[in-house]
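Down below is the structure, laid out as structure tokens.
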Amino acid sequence: MYEFNYHQPTSLDEVARLLGANEEAKIVAGGMTLVPTLKFRLAKPSDLVDLVGISSLRGITDAGDALVIGAMTRHAEVERSPLVKQGIPALAALAHVIGDPAVRNRGTIGGSISNNDPAADYPAAVVGLGGTVQTTRREIAADNFFTGMFETALDRTEIVTAVRLPKPQAACYMKFKNPASRYAIVGVFVARTGGGVRVAVTGAGPCVFRVPEMEAALARSFTPDAIKDIAIPQDGLNSDIHASAEYRAHLVGVMARRAVAGCG
Amino acid sequence: MATIGTPVRRREDFRFLTGGGTYTDDINRPGQLYAYILRSQHAHARIGGIDTAPAQRSSGVVAVYTGQDMTADGVGGLPCGWQIHSKDGSPMAEPPHPVLAVDRVRYVGDPVAVVIADTLALARDAAELVNVNYAEEPAAIDPVAALQPGAPQVNSEASGNLCYDWQLGDLAAVESAFAKATRIVRLDLANNRLVPNAMEPRAAIGEFNRATGEYTLYTTSQNPHVIRLLMGAFVLHIPEARLRVVAPDVGGGFGSKIYHYPEEAIVTWAAGKVHRPVKWTAERSESFISDAHGRDHVTHVELALDAQGKFLALKVSTVANLGAYLSTFAPAIPTYLYGTLLAGTYTTPAIYCETKAVFTNTVPIDAYRGAGRPEATFVLERIVDLAADEIGMDPAELRRRNFIPKDAYPYQTPVALQYDSGDYAATLELALKAADYQGFESRRREAMGRGKLRGIGIATYIEACGIAPSAVVGSLGARAGLYESAEVRVHPTGSVSVLTGTHSHGQGHETTFSQLVADTFGIPIDNVEIVHGDTDKIPYGMGTYGSRSIAVGGTAIVKAMDKVIAKGRKIAAHLLEAAEADVEFKDGKFTVAGTDRSRTLGEVALTAYVPHNYPIDELEPGLDETAFYDPKNFTFPSGAYIAEVEIDLETGQVAVVNFTASDDFGRIINPLIVAGQVHGGLAQGIGQALLEGCVYDKASGQLLTGSYNDYAMPRADDLPTFALSTNTTLCTHNPLGVKGCGEAGAIGAPAAITNALVDALKPLGVRHLDMPATSEKLWRTIQQHRAPIAAE
Ligand SMILES: Cc1cc2nc3c(=O)[nH]c(=O)nc-3n(C[C@H](O)[C@H](O)[C@H](O)COP(=O)(O)OP(=O)(O)OC[C@H]3O[C@@H](n4cnc5c(N)ncnc54)[C@H](O)[C@@H]3O)c2cc1C
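The listed protein sequences derive, respectively, from chains A and B.
According to the working numbering, the first sequence is numbered sequentially starting from 1.
According to the working numbering, the second sequence is numbered sequentially starting from 265.
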């Protein structure tokens, strides 16, 4: 780690001021991604602005047809929340397979989606459910939020405050874990909603993506068989020592079918 | 009350589990400075020059040293503890191993300079200012390619990168047996490279006392006396009497903490220069590129059989990777700890093994849990399974036909070892029954209905443990003796301290050794203290590795206790006014035979230290005895493991659904600790088979699996509940009848798992799979072999 100044503001205004005043300042939420980056000396922020003191960013509320999850809500809270278990059980199940208990007790949904790791789990749910990301400035539809590998639509000083996730009729997340890191080699989130079927894939590509062909087929017939002949092109998919692009393309099909079956 | 054979809970665990342990990094010395070691980021480069001036000027920096500085000060290279001779009688190539690289770096991680500063952060800041002028050169990474003509040369002292070309066994006998064979089975296989990953990273603190001229090194070592000898005599030229090495609580070793590492010499030497203590603690990423790695063999094996399936001869040819330099015991691992084990549990009358050991631009490789024996077991148990498949015989039956019968001991193998005891057939039957081997086919069919290919695999193993005798290992090239020492100090009121030359870094010696003492002396375990890990306290001993602690170290304790009792009888005879011959020792009391006249051990001890009424003309005061024990032979634990796996047809993902381990460890002192050792070994063995694979980029020599993001360690949910059992035959040449259990799981499991996977894939016509059997590897294998079946 390099030296930095640490701040623990208690209001979003103060956060904005600190970020505005220091060009090299960075937000820290759970620190599960940022702190290792600092330890490896891969980042050299002048200031760390911790969101932990801002109580309005934490908590899960039931908005009738949707759940609103504050940015600083820990994975463990989502995993155990009765509201989530009842409203979007697939989301509680997804939170349960993020990392390990220590990571789940620290990591936050806001941090996860702002970081937009290509192998992270939450992006699949946020896109798969057709959610909306609320920030200090605006509301951004999930489809427009995740823009590329570790990239989002956020400005440097813009902060995610909450995520609004519509309750689906049925949903399921299937994750094929990297045996080392336990992040997703491939994760597929399938949701059936009033507005149709959404299929969101994480891990396989540089950024979460939808599979329109599968969505259309599933809208006609919501069965694993309906998508069994849909091949995912391997062009542009990730390839590393754990899984080639070809294998990932294959796994998207398998996980998607299992997710459909899992919707019951 | 006897404690031997009962599951006494580990006495040390309270300390470890409540954060009360004292590990090297927990120690902080007054005035301590911090060392950061700058390491090569290139696999192979010439060093044009190192500019340390900007770093020297950086805030908080006390000193910056390079290899030049150490060489100029007369610091020697790191020594190798074992010399191997090639087929032609020539000694192995032994290139110098500088503590800090001097003119060339030879692997990613090779130490180049050390920055010493007030804090670690300041040392790291300054290290970024050290300017090393590297001229990159092509690197030799793959061990087989490194032997090809024209391959980049790692060390100029080892022409063609060959360290030695060694052989063992009677080639002529093997050739003539092959000529007569009904069937010859051949296989090419690899044993994957592993990163040891002890939970505690290595650490070292060097300290120099200007008043006394004494150096102290605190280090994460499995054998502090060995480090004192190697570093004192060969590297820093400090006489033993002025060098103390302390290895306090150590959080796992698995072999990786046997060796004398550069960092130990660096902090000790630097402490003498800056006159302040210097601490270094590895970061996890640093451990990946600086702890000696394990295994990495490429092997061709051939087995000759007769018409009845009897093994006639075995021929093995191996290329073993040594990495860039010779680590302390590296040359012994792919030779005398490998070739000698190739008889396994079988009567194969003729065996020949040759090993070419090769330098590459990678981290040095040395012993890792099992050390040579997992490699031998993998070769042997794979070829036996393949033979069973090729001749259409049940693999259990083929093994039964070839086992060394239980009445054949002592059994001389054709590869130097003489086994003292065992009963392999009975151990296998025990495992087969526990695993319901008979009922397997119905489980295979049931799994198929769920889209799973299910397989069952057997592996038997033998290991040579309790490494010794000194005369034998000396003739094989060891440059040290391999006995063990113990001092048993009975205190004036009868409590006991045992000072042992072995070292506990997870094995539970404080419990097991205490049980020995408590039972022998008839005193409560709480009255026994086990002391280890400090050269100022313990007698010269060789440490812990090769599952030797109970067999060699435990026996030394028994011998020292025998001396205590012999002296105690003399003292008791005097006190009881009886003839010494009439005094017997039992249940903690010296008794005149046939009477109720007795003295307790405590009373006798008090007399020994307060010798008012004492046979002072014949006997020295005190009750404190030391013994050194040099065994007559190795011990030979053995076992039969059965793995049952399921492979997901769609994804290739493997689940280990059952694992049965039946072992013969000789007498078991503490079954709870033994079970723990087996569990850990199995986890590592299953890890090797399914998950752990150390991968270098073949061109750049960068370590691709340099963190837990990419190096897959086995976790609890990768493992089934193990079914353990033991079938005991006693070791015949040590008084306890013990054999050792520390490495067994890691030795037997890789072959059992791989055999089970190949069995699962047998319907597809698969003959072999290399480790680690990752999901993608299995998925591809299924894809490739499925096509022809579908076409039929
Ligand atoms: C061992 C381990 C295993 C893991 N396994 C998984 C896994 O299986 N699946 C998975 O999805 N993730 C996994 N993670 C990542 C984990 O979920 C992290 O918590 C998450 O990626 C980041 O969340 P955080 O709250 O820790 O963010 P931080 O690390 O604090 O921040 C991450 C980034 O987001 C920015 N940021 C944080 N909050 C906000 C905000 N509200 N608005 C704008 N920017 C913000 C920060 O500036 C920083 O750049 C793992 C992490 C570890 C250490």
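For glycine and all other residues, C-beta sits at the position ideal for the given N, C-alpha and C.
query: Within the stretch 270 to 333 of chain B, ranges of the beta strand (DSSP E) (whole runs, at least 3 residues); result: 297 to 303, 309 to 315, 325 to 330
query: Interface partners of A385(B) on chain A, CB under 9 Å; result: M1, Y2, E3
query: Among F593(B), G414(B), T641(B), E727(B), nearest to V580(B) - alpha-carbon criterion; result: T641(B)
query: heavy atom of ligand 1 below 7 Å from N115(A) C-beta; result: yes
query: Minimum Cβ-Cβ distance from N991(B) to chain A less than 8 Å; result: no
query: 6 Å CB neighbourhood of V325(B) in its chain, flanking five on each side removed; result: A381, A390
query: Short Cβ contact (8 Å threshold) for A71(A) with G110(A); result: yes
query: Spatial neighbours of I731(B) in its chain, beta-carbon cut-off 6 Å, leaving aside the 5 residues before and after; result: L746, G810, R812
query: Contact check, R633(B) vs F518(B), beta carbons under 8 Å; result: yes
query: Neighbourhood of M174(A) by C-beta distance below 6 Å, restricted to the same chain and skipping five residues each side; result: V188, M255, R258, A259
query: Of the listed residues V127(A), S11(A), M149(A), R198(A), nearest to A217(A) (C-alpha basis); result: R198(A)
query: Beta-carbon spacing of V499(B), V339(B) below 8 Å; result: yes
query: Identified DSSP bridge partners for S902(B); result: I726(B), D928(B)
query: Neighbour-count burial assignment, S81(A), 16 or more Cβ in a 10 Å radius; result: buried
query: Proximal residues to V328(B) (C-beta, below 8 Å), its chain only, five neighbours per side dropped; result: T316, A319, Q320, A377, V378, V379, I380, A390, V394
query: Beta-carbon spacing of G195(A), G131(A) below 8 Å; result: no
query: Sufficient close CB pairs (3 or more, under 8 Å) joining the stretch 620 to 633 of chain B to the stretch 550 to 567 of chain B; result: yes
query: Short CB-CB distance (under 8 Å) between E1040(B) and chain A; result: yes
query: Local Cβ density within 10 Å of E528(B), reported as buried at 16 or more and exposed below that; result: buried
query: Contact set for D277(B): own chain, Cβ-Cβ below 7 Å, skip 5 residues either direction; result: none
query: Where the stretch 99 to 121 of chain A meets chain B: residues whose CB sits under 8 Å from a CB there; result: none
query: Residues sharing a beta bridge with W346(B), DSSP; result: A742(B)
query: P36(A) Cβ short of 7 Å to ligand 1 heavy atom set; result: yes
query: beta-carbon H242(A) near ligand 1 non-hydrogen atom, thresh 7 Å; result: no
query: Beta-carbon proximity list for Y1064(B), same chain, < 8 Å, skipping 5 on both sides; result: Residue 1064(B) falls outside the range modelled here, since chain B spans only 265 to 1056, and no answer is possible.
query: Contact residues within the stretch 41 to 56 of chain A, judged by C-beta distance below 8 Å to chain B; result: R41
query: Whether F667(B) touches Y683(B) by CB criterion (8 Å); result: no
query: Reference F892(B); option with closest CA among S423(B), A307(B), T819(B); result: T819(B)
query: Option nearest A248(B) by Cα separation, candidates G721(B), S549(B), P935(B); result: Because chain B in this structure spans residues 265 to 1056, residue 248(B) falls outside the shown range and cannot be described.
query: Partner residues on chain A for G915(B), Cβ-Cβ distance less than 7 Å; result: Correcting the residue type first, residue 915(B) is Thr in the shown sequence and not Gly. Under the 7 Å cutoff, chain A gives F176, L251, V254.
query: T6(A) (DSSP reduced to helix, strand or coil); result: Strictly speaking, residue 6(A) in this sequence is Tyr, with Thr absent from that position. Here Y6(A) sits in strand by DSSP.
query: Spatial distance of F40(A) from K962(B) (CA atoms); result: 25 Å
query: Option nearest H767(B) by Cα separation, candidates N791(B), Y804(B), D783(B), L386(B); result: Y804(B)
query: Nearest-angstrom Cα separation, counted from T1038(B) out to A1054(B); result: At A1054(B), the pLDDT of 49 sits below 50, so the modelled position is not reliable; the number obtained from the coordinates is stated separately. Going from the Cα of A1054(B) to the Cα of T1038(B) covers about 24 Å.
query: Residue from V565(B), N397(B), Y602(B), A830(B) whose Cα sits closest to the Cα of F442(B); result: V565(B)
query: Any 3 or more C-beta pairs closer than 8 Å across the stretch 914 to 929 of chain B and the stretch 1029 to 1043 of chain B; result: yes
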